[in-house]
Structure formats: structure tokens, C-alpha cells
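Heads up: the sequence lines are chains A and B, in that order. Positions 1066 to 1456 (the working numbering) are the ones given, in order, by the first sequence. Positions 34 to 594 (the working numbering) are the ones given, in order, by the second sequence.
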Amino acid sequence: MNTAVMNPSIGIERSPGLWSLAWKRLIADKIAVISLAIVILFLSLALASFVGLIAKGWNNEVGVNYAPPTWFKGSAPTEDLSKKQAVNPTGPSLDTGLAKPEFVNDRDPLRETVNELKQQLGQSAGANSVDEIKIVDPLADVIAELKKKLGRVGDEGEKETESTRLQTLAFGADKWGRSVFDKVVKGSETSITVGFAAAIVATLIGTFLGALAGYYGGKVDDALNWFYSIFNSIPYILLVLAIAAVLNKKGILTVVLILGLTGWASIFRVVRAEYIKHKARDYVRAANAIGASHSRRMFVHIFPNISHVVLVQLSLYVVIFIKSEVILSYLGFGVGVDTVSWGSMLNEAQNELILGYWWQLGAATLFMAILVTAFSLFTDALRDALDPKLK
Amino acid sequence: MTTPLLSVKNLRVTFRIDRKNTFEALKGVSFDVMPNETVALVGESGSGKSVTSLAILGLLPKENAKVDAGSRIDFDGKNLLSLSKSEIRELRGDKISMIFQEPMSSLNPVFTVGYQIKEVLKEHKNLTGDAAQKRAIALLKEVGIPSAEERIDYYPHQMSGGQQQRVMIAMAIACEPKLLIADEPTTALDVTIQKQILDLIAEIQKKHGMSVLFITHDLAVVGDIADRVVVMRSGDIKEQGTTKEVFANPKDDYTKALLSCRPVVDSRPKRLPVIEDFMAGRAEAMRLEQRSRGVKESDPIVLEVKGLAKDFYSRDGLFGKKTFHAAKDVSFKLRRGKTLGLVGESGSGKTTVGLTVMRLHDATHGEAWFDGKNIFAMSEKEFLPYKKRIQIVFQNPYASLNPRFTVGQILMEPMIIHNIGKDGADRSKMAFELLSKVGLPEMSFYKYPHEFSGGQRQRIAIARCLTMKPDILICDESVSALDVSVQAQVLNLLQDLQDEFGLSYIFISHDLAVVKYMSDEVMVMSNGEVVEHRDSDALYAAPQHDYTRKLLDSIPKGLHA
């Protein structure tokens, strides 16, 4: 209806619609603006990480294992270990999904002997070659082969990592020496993607079914309510397991589907209630009187009048699903090992905590808490701003 | 002369709308209420009458209402405006009490009426136990609740609207107040009940010797009970004087307009004079020009309804069904360019008939012949082309327009659905024409419904119907929610449109005077049945059925007979 341009004869002073009024109310609210800014910050963080601007090398081992946060250098339990591990060759990470072998005892008596011998021969220590080692170890060939098979490339890699690994990192490092900061940023990309995508899936399903149930009522309503009740009677984790088993693949898409397919119930009830309320309103009856079809009444007339409810519910969902993703990943139903999410970080942190390495847990929790709090506050402010006290 | 019980002097109240704007709701209002006197405060919406009553009770919202320092409200020797919160609370319910417009929402639904009356007694009179019980029963008896001993344990929903209002009155007089403020106490009630409540208030006032401040928008209502009348408009007092003076010889143009823009039963001017006509001084001439109504056998029939019946079902128990007969065997003929009035109290089935005729409800039985076809027997699809030819204007103009559509969208939607007009440009041109036809500025096209007043919204709703060029327009209480002066404007508009397009109206209303003014034929309904159906003049001149007579007797006459 591009009629605004049709009649230029009158001075057009458009009335502000609901959304622009709501926006005005929203930006008048300080808390809303601050929380919105934080949410936008997180979104841009996730976007930047998605296009590869930051946290691209989250999977590289840049620090020593369990490197403490920079401002936490003096931490007693790690000092000794990290020094030892500085010479520990771990090499580039494996993409095979195999657990990495851990070399706790990293002193190589063999190499020490070789270096000693070399020194005696007047050669410089450190130069490595299998031939030299052979002098003292007839099995060196076999070992080198085995090492190659394991994907470890000779000793060059060892040297490199020795020289570049950092003692401390801004947010510390994990078991493999990967930067916790990069992980948590990459993790926010995963969590935010999952949160928003699952919220949209659940909202679409719940709104559509809720609209049908509320608008038509009667048998349609009964059937959908029946479906919904049965759906809700199955224990949540069982349902998640079942869907995970059916999809049979770990990954972001799976988590989105699990959350979306199991989470539509609450918006279904809200939207259904709104449709029941609105379908009896005079404006809907008036739409019927002028001959508007059912789908027109449902989506052209009623939907704009309840869209604020849907939006608030969507916003609530994002918060809920970000938390759910964390829980799912923590339980091991979440994203696979090739990606990182806040939940998988918490899962890893579980074993680290006993050893006193709390920073992975701390970083993931801090980021999640900030985003979830900001988003919840924003949702509240949004609900207030949209509260349709139509004059 | 005695000193007044309540004396409002130069009351000014300003509301803060936002940071910059303020709105002066009362611009220096002064009036007195003597002991043992009924004063009526009359005005339309926005006149400031309710703000006045809230100011007296100290119930103005503290955060955005400001009472001018020079204002005084003296009650019984105390300035109410300078009392502390707790002192005012002492007075409220004890010396001053109030009854509200909506008894259904003023009573707490989870407590019995007896409990709620006893609560007042406990609060102010320290009556508890048996004494309170006795007093509560006595009060219920006094306000005319039959078998009060039993009803004291009823919950509000178990009583009818009239009885609920009686309970409210019982609560209000429980502490023998000196001043009773009645804020539109009869507006939500049927006309026959309204009369009973008015009589009750008058009777109690005399018996207890209290003063009553009666707030209403309807001047005609107060004629019977008020000693003095104060007419307000936009925060000013336009006129005050004894009821006799004001009714017989109104001085202010606005009062004159209020008195005569309400249709009366014994006169039918061609157009109703509205406030502008009085301001322009042409009202007298208009009153003389009469319109004749009535139908002749030769008038062509547009719609013939035979034996219409509508049942509603509700669940009763697990499998049972309860049937409610909302309309039983209703038959009528609607003639081109004529109006059929449908009168009755709430629950009489008049709205059901209207909605069923245009198939917003499915008829349980019956036929409706329109254009040679029985529209009740058609499928939804077959009916669509006929749908646009029968249109409806709903009662509540605040609810019947989609708040998310601009007026332009509202007007063009039916054209899109029914393929009227070539394209967007053509349709918006038609929409602009219709806006000017119903007397709205072109600017309205771009505005949202909430930016309009009730009367303007009703014009928009009428314009929406006109987009489809209907043959029949059903007006379901279309003017009932409007102020009397606005009501007159909308009635005039409907008249003009009927004259111009030859529309047939089914005019549904509980207001007999309005129906008389608009209708050629009148059908009186009670409990789903038609009790009387005749030419309007004949029916009003000599009602045949008892029920019709009772309805006609209940119309407020405006002045003591």
C-alpha cells in the first residue's frame, strides 16, 4: 500500500506507529541502552569471530599447558609444571579426534646422552638427527617411524613450539595450551548462533501452532493441546537424547534442532492465549464482516497486534537457549570436539578444577553471565517499551 | 441559609503529561453542596467532572496531578486539600463515600457481598460478629435486595448488575455518610434497572438526610432526582442553578445543546441540533423541521428473515451440553431505504439477531432471503460476494478498528478483498472521498485509530462499511458508547447517508429514544423473542405489550413530571 505518495497535495505528517513509539521509550531507558550496547558488542564479537577477524587461531597451542592468566603469575601450583612443560614437545594439534598422548615425563634421557656425547666430540649440542641418536640407540629408526605414524613431524616442530609458547596468557591457557580468551570468543560465536537460531526455530513453530490452536479453537485446539501435552510429558533429557539419536550427528545444527524442536511449548501457550483473546475482539469480527479470509485475519489482522508478545518471547528464548546449549554441551550432547562452546569449556573445566586451574571455567562463566544478564535486562526493557497501552 | 456541607472553591487541577506539557483539567471550579441536597455534576467526557470527584476524595494520582495552591475544598468545616493522608482515609467511607460506574469491577469477586459490607463496618464503626451481620442484612434489605439473609452469602457474580449496584449502595451508606458521591452509577445498567437505582438513591437520600453529588454525562437522568445542576465543559462550569431553572430556561448555549441534542420520544426533527448549531443560533429552526417515518406495503423489500433462531451451547459436565436459546423464531422484512429498530435489554437477543443476519453467527434455524437467495443456506464461498452488501458498525469504536492499521489501510482493505477499484491510486482516491463524506479531514488517512476520539472512530467504521457500497447496514449499539452531543452528530451522519444512498438500516439499541428517532419500524425483543413489532410512531404512541410499556416508562423524562 504505497499510498503515501499518491496524494502530494496535503502535508504529510505521518503518525508514529507502535514500533517507533516503542523504540523511543526503549532508548529513554538507561538500563535498556546499556544492556543493548553489551548485546550488540557480543553480537559483533560473534560476527567478527565468524568472519575470522579474531579468535581465528583458537585451536593453536600458543601458550604453555595451563598457562595462568597474566595477572595471576604468582600462582603456586602451576609454576613448576609449566616450566617443565615448556620443553615438552606436543606439536600441532591433531584433527583426528584422537585423544592427544600426554607426556608428563618430558625429560628425554636419550637426547641428554646424545648431547653429552656431542659435546665430548666437540660438536654443538642441539642439532638433531636420527643418525646421531643411532649412535647410542639402535632402535632410533623405528622410533622415528612410529613418531611419524603418530603424526608427529620430527624435531623441527619441537623446536618451534619451544621457542614461541608463552608462559602466561591474558585469560590463561587450557590443557593443550590454547588461549582461553580465543576459546571463549569462539565459544560466544557458537553459543550466540545456537541461541538465536534455536530461538527463531522454536518461535516459528510455537507461533504457527499457537495461532492455529487459538484461532480455530475446537477440535484443532484440542488436537494441538493433546500433542503439546504429550510432548511435555516426556522427560526433557530423554527427548533430547532421542532427537540427538535420530539426527545422529554432532554439531551446531543438531543443537539448534534439538533446542528448537523441544522448546516451542512455552511460546505455543502464550500465542494461543493471545489468539483466543484477540479472535473475539471487535476488530477481528469487523475483518470477518468485510470478508477477510481466515489466514488474513490470523496473520494480517491479529498477528501485528500480538507481535510484541512474540518478540519478547523470542528474546526470552535467546537467553534460555544460550543457557541450554551450555548445559547440553556440558552433558556432552552439544557441539562436537571440533568446535568450542561455553558449555564444552565448562565440561573441560570440570577436570581442571581439581588441579586448581579455574580460569577456563571463570572465562566461560563471566562471558555467559554478562551476555545473559544484559540480554535479560534488555528483554525486560523491551517488554516495558512494547507494553501496548493503546491510547 | 445554612452553611454548605461541601464547598469547592476555585479548584484548579493540572496534570503533567510529559516533561514539557501539562494539561489543565479543572480551570477554577466553584460550587456548593448544601446538607440534605442532591447536586448533579453534568458534563461529557473530558469535562473534568470525574477529576472533581477524585479531588474531593483525595484520590488524584500524586505523581502527575497538581492542585493549585489557591484551591479549597471545605467539607464540614475542614479543608480537605490540607488534610493528611490518614485523616482523609478516616473520612472516606465514613463521612464521604462513593459508588462507581461498574459494579462488576468495583466489587471484589472472591469475597461474598456480606464480607465486603462487614469489612466497611469493621473499618469505620468497629462492628464485628453478630452486630455486623445484623447491620449488613438490614442494609441489604434497605437497598431492596430480596431475601437478604440468604443473599448476604452470595458472591458478586451470583447477582445481576442491578443487584450488584444495590450492594455497592449498601456499602456506601453503611456508615451513614454525610455525602454520597455517585459517579455515573447507572450508565452501565439497562434502562429499566436504571430507573430503579435512581429511585433508590433518591429514597435513601431523603431517608438519611444526606447530600448526594451525582455525576453523570446524561442531563436527562438527573432531572428526576437533582435539586441543583452544575454543567461542566472542558474544566469550566458553564452553568449552575436549580434543576427547574436549568431545564426550563437554560442560559448557556452548551446547556441548551446538551438538553436538546438527545433525541426525545415525542419529537423527530429532520436533523438533530448539535452544539455548533446552538453556537450559531440555528437550532430553533431545526427543531421545527420534522421527519416522518413509517413503512408502506409498497416499499420494496431488501431482506426477508423467516423464523430465525440461534442456540448457543455450553459444556455441562463431561459430556453434557447446555442449550441457550438466544433468539427464537424471529421474522421480519427490511425495506429499502428504511430503518428497522431493534430494542431490548441486555440478553434480549437483539445483537444475536444482527450478527446472525450477516452470518457472523451461524443460524440454528431459519431463512434469510436477500436478492432472491437464501443467504443462510449458502457456503462460505458463495456468500462472499453478498458479504460486502450487508455490513455492520459495532458498538465499541475503540475495539472495532485494528490498532496497528492506519486509517488508510483500514479503508482500503475491504476494497482489496473485494476487488473494488483498479489499483492502489484509485483506491486511495476513493478512501479520501469517503473520509470527506463522513466529515473527517484528509490527514486522517495517515493516522492510527488511537489518535481519534470515539465519535471520529465511529465515523471511520462507517466509512469502512461504505467502501463496499452495502445495501444493508447493521448498527449494533453504534452510538451507545458516545457522548450525547457526539451521538447526535453520528445519528445525523447516518441519516444523511440513508438519504443519499438509500441504505437500509437494522438499528440495534437499548436506548428507546434513539431508536424512535432513527426507525421506521420497531421490533421489541425480550428473552430472545419478539414481543412487539410495529410502525415506530404507532408503537410509541400506544404500546400494546406490557414489556414495551415498562421500557417506555423507564425513559428518563428530564424533569419532574
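Built from N, CA and C at the ideal position, the CB exists for glycine as well.
Residue i versus chain A: which residues are under 7 angstroms apart at the beta carbon?
i, result
"asparagine 452 of chain B", "Those within 7 angstroms of asparagine 452 of chain B in chain A number zero; the least Cβ separation is about 11 angstroms."
"arginine 437 of chain B", "Leu1083, Pro1369, Asn1370"
"glutamate 417 of chain B", "Per the sequence presented here, residue 417 of chain B reads as leucine, with glutamate not at that position. Ordered by position in chain A, the residues that pass the 7 angstroms Cβ test against leucine 417 of chain B are Gly1356."
"proline 296 of chain B", "Under the 7 angstroms cutoff, chain A gives no residues; its nearest Cβ is about 25 angstroms from proline 296 of chain B."
Look at residue i and residue j and say whether their C-beta atoms are less than 8 angstroms apart.
i, j, result
"valine 200 of chain B", "valine 143 of chain B", "no"
"proline 37 of chain B", "valine 66 of chain B", "yes"
"threonine 1457 of chain A", "valine 1400 of chain A", "The structure shown has nothing for residue 1457 of chain A, since chain A only spans 1066 to 1456."
"histidine 157 of chain B", "glycine 126 of chain B", "yes"
"glycine 91 of chain B", "leucine 59 of chain B", "no"
"isoleucine 214 of chain B", "leucine 172 of chain B", "no"
"isoleucine 132 of chain B", "proline 189 of chain B", "no"
"threonine 288 of chain B", "lysine 343 of chain B", "no"
"tyrosine 1382 of chain A", "glycine 1275 of chain A", "no"
"threonine 276 of chain B", "arginine 266 of chain B", "no"
"serine 1394 of chain A", "serine 1380 of chain A", "no"
"valine 41 of chain B", "valine 72 of chain B", "no"
"leucine 536 of chain B", "leucine 585 of chain B", "no"
"isoleucine 206 of chain B", "leucine 233 of chain B", "no"
"serine 1441 of chain A", "valine 1384 of chain A", "yes"
"valine 338 of chain B", "valine 363 of chain B", "yes"
"valine 263 of chain B", "proline 589 of chain B", "no"
"cysteine 294 of chain B", "valine 307 of chain B", "yes"
"valine 1249 of chain A", "alanine 1428 of chain A", "yes"
"leucine 1277 of chain A", "leucine 1289 of chain A", "yes"
"lysine 383 of chain B", "glycine 377 of chain B", "yes"
"isoleucine 493 of chain B", "isoleucine 443 of chain B", "yes"
For residue i, go through chain B and note every residue whose CB falls closer than 8 angstroms to its CB, in chain order.
i, result
"glycine 1348 of chain A", "It is tyrosine, not glycine, that sits at residue 1348 of chain A in the sequence shown. The answer, in chain order, is Ala432, Ser433, Leu434, Asn435, Pro436."
Can you find a heavy atom of the ligand GDP that lies under 7 angstroms from the Cβ of residue i?
i, result
"isoleucine 214 of chain B", "This structure simply doesn't include the ligand GDP, nor any ligand for that matter."
Mind listing the chain B neighbours of residue i? Cutoff is C-beta to C-beta under 7 angstroms, in chain order.
i, result
"glycine 1283 of chain A", "Per Cβ cutoff of 7 angstroms: no residues; glycine 1283 of chain A is ~12 angstroms from chain B at best."
"histidine 1343 of chain A", "What histidine 1343 of chain A touches in chain B: nothing, since even the nearest Cβ is about 10 angstroms away."
Give the residues of chain A in contact with residue i, contact being defined as C-beta atoms less than 8 angstroms apart.
i, result
"lysine 420 of chain B", "Ala1354, Ile1355, Gly1356"
"arginine 497 of chain B", "Ala1351, Ile1355"
"proline 94 of chain B", "Result: empty, since nearest Cβ-Cβ is about 15 angstroms, beyond 8 angstroms."
"glutamine 424 of chain B", "Ala1354, Ile1355"
Can you give the beta carbon distance from residue i to residue j, rounded, assuming they're within the 8 angstroms contact cut?
i, j, result
"glutamine 134 of chain B", "aspartate 216 of chain B", "6 angstroms"
"alanine 1132 of chain A", "glycine 1237 of chain A", "6 angstroms"
"valine 386 of chain B", "leucine 375 of chain B", "6 angstroms"
"isoleucine 1387 of chain A", "valine 1437 of chain A", "6 angstroms"
"valine 1104 of chain A", "phenylalanine 1443 of chain A", "6 angstroms"
"lysine 549 of chain B", "serine 569 of chain B", "6 angstroms"
"threonine 439 of chain B", "lysine 502 of chain B", "Wrong, their Cβ atoms sit about 22 angstroms apart, outside the cutoff."
"histidine 1366 of chain A", "alanine 1352 of chain A", "5 angstroms"
Can you name the residues of chain A whose CB is closer than 9 angstroms to the CB of residue i?
i, result
"methionine 411 of chain B", "Chain A residues near methionine 411 of chain B: none, gap ~13 angstroms exceeds 9 angstroms."
"lysine 427 of chain B", "It is phenylalanine, not lysine, that sits at residue 427 of chain B in the sequence shown. By Cβ distance, chain A contributes Asp1347, Tyr1348, Arg1350, Ala1351, Ala1354."
"leucine 393 of chain B", "Arg1350, Asn1353, Ala1354"
"methionine 501 of chain B", "Ile1355, Gly1356"
"glutamate 510 of chain B", "Those within 9 angstroms of glutamate 510 of chain B in chain A number zero; the least Cβ separation is about 11 angstroms."
"glutamine 238 of chain B", "Under the 9 angstroms cutoff, chain A gives no residues; its nearest Cβ is about 38 angstroms from glutamine 238 of chain B."
Which chain B residues sit within Cβ distance under 9 angstroms of residue i?
i, result
"alanine 1087 of chain A", "The contacting residues do not exist; alanine 1087 of chain A stays about 12 angstroms from chain B at best."
Using beta carbons (cut-off 8 angstroms, strictly below), is residue i in contact with chain D?
i, result
"histidine 1366 of chain A", "No chain D appears in this structure, whose protein chains are A and B."
Which residues, in order along the stretch 333-346 of chain B, keep a beta-carbon less than 7 angstroms from a beta-carbon of chain A?
none
**Prompt:** Listed from N- to C-terminal order along the chain, which residues in the stretch 478-490 of chain B have their beta-carbon within a distance smaller than 9 angstroms of any beta-carbon of chain A?
**Reply:** Phe478, Tyr479, Lys480, Tyr481, Pro482, His483, Glu484
Under 8 angstroms, with one C-beta from each stretch per pair, do the stretch 415-433 of chain B and the stretch 485-497 of chain B reach the 3-pair mark?
yes
query = Which residues, in order along the stretch 461-477 of chain B, keep a beta-carbon less than 7 angstroms from a beta-carbon of chain A?
reply = Ser461, Phe465, Glu475, Met476
Using a Cβ distance threshold of 8 angstroms, determine whether the stretch 349-356 of chain B contacts the stretch 319-335 of chain B, with at least three qualifying pairs required. no
Can you pull out the residues from the stretch 300-333 of chain B whose beta carbon lies closer than 9 angstroms to at least one beta carbon of chain A?
none
Legend entry - the stretch 1255-1272 of chain A in contact with the stretch 1326-1340 of chain A per 3-pair CB rule at 8 angstroms: yes
Practice task
Please list the residues of the stretch 70-99 of chain B that have a C-beta atom closer than 8 angstroms to any C-beta atom in chain A, keeping them in chain order.
Solution key: none
Original post:
Between the stretch 1292-1307 of chain A and the stretch 1317-1331 of chain A, are three or more C-beta pairs nearer than 8 angstroms?
Top reply: yes
Original post:
Between the stretch 353-361 of chain B and the stretch 523-532 of chain B, do three or more beta carbon pairs fall short of 8 angstroms?
Top reply: no
Residues within the stretch 375-399 of chain B neighbouring chain A, beta-carbon criterion of under 7 angstroms: Met391, Leu393
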